[in-house]
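Numbering (the working numbering), first residue to last: 2 to 191. In what follows, a structure is listed as structure tokens, so that the remarks can point back to it.
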Amino acid sequence: MRLRVRQPVALEHASRLLNHGPVVLVSAAHQGRANVMTAAWCMALDFRPPRFAVVLAQETFTRELVDASGALVLQVPPCRMLEIVDGVGTTTGREVDKWSRFGLTRTEGTAGPAPLVGGCLAWLECRVLPEPGIATSYDLFVVEAVAAWADDEAFANGRWRMPLPPELRSLHHLSGGSYLVDGEVVSVAR
Numbered sequence: 002m003r004l005r006v007r008q009p010v011a012l013e014h015a016s017r018l019l020n021h022g023p024v025v026l027v028s029a030a031h032q033g034r035a036n037v038m039t040a041a042w043c044m045a046l047d048f049r050p051p052r053f054a055v056v057l058a059q060e061t062f063t064r065e066l067v068d069a070s071g072a073l074v075l076q077v078p079p080c081r082m083l084e085i086v087d088g089v090g091t092t093t094g095r096e097v098d099k100w101s102r103f104g105l106t107r108t109e110g111t112a113g114p115a116p117l118v119g120g121c122l123a124w125l126e127c128r129v130l131p132e133p134g135i136a137t138s139y140d141l142f143v144v145e146a147v148a149a150w151a152d153d154e155a156f157a158n159g160r161w162r163m164p165l166p167p168e169l170r171s172l173h174h175l176s177g178g179s180y181l182v183d184g185e186v187v188s189v190a191r
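Below, the structure written as structure tokens:
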């Protein structure tokens, strides 16, 4: 069995890590407290610099940590992490240490206080851009990636390695514990 490697991704290709609209895990930390949550509403906004939008509900513990630290990590979990994705999305970090409960591996980031969740397909360390009006009114955060990585088995040379094996496909939230898994790739002849 080959050892998988988290490889750096050029920031000019960082938007490609999320442009297919997967569910993401959002991690944040501040003053020794860390949390992770699931977010279904996340999308790429711009290429250079790589910017993203993510919705973080005001009542979440992760939102509290993001507001305090100004940083977060967006991670793309594979479908083999389905129960973890659903569990961290339906459990509050104010009452439970999700890292322990769900057996998550935590790795320190290089560009900010937020930890990276092991086992994911992609990681984007981000700083929050000052847009307090939309965060307050819509729970929407605009963030800019300052560092990016991907699993070398899933992403190489600035592109996803399609088709991915079933266990490495990303998840898309439908509702009520139901998810869609990436499937067939279709292309336009050029």
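We put the beta carbon where it would ideally sit given N, CA and C, even for glycine. Note that this is a predicted model, so its numbers are computed, not measured.
- The straight-line gap separating the alpha-carbon atoms of Met-44 and Val-56 is approximately 10 Å.
- With fewer than 16 neighbouring CB atoms inside 10 Å of its own CB, Asp-98 falls in the exposed class.
- Excluding five sequence positions before and after Thr-63, the CB atoms of its chain that fall closer than 8 Å to its own CB belong to Val-27, Ser-28, Ala-29, Asn-36, Val-37, Met-38, Leu-57, Leu-73, Gly-94, given in chain order.
- Here Asp-183 has Arg-170, Ser-171 as same chain residues with Cβ atoms under 6 Å from its own Cβ, once five neighbours each way along the sequence are excluded.
- By the 16-neighbour rule on beta-carbons within 10 angstroms, Val-77 is buried.
- Sequence-distant Cβ neighbours of Pro-164 in its own chain, meaning closer than 6 Å and more than five residues away, are Val-186.
- Within the same chain, and ignoring the five residues on either side of Gln-8 in sequence, the residues whose Cβ sits closer than 7 Å to its Cβ are Trp-150, Ala-151, Asp-153.
- As computed with DSSP, Pro-79 is found in a beta bridge with Ser-171.
- The continuous alpha helix (DSSP H) containing Ser-138 extends over residues 133-139.
- If you look at Val-129, you'll find it in the beta strand (DSSP E) that goes 123-129.
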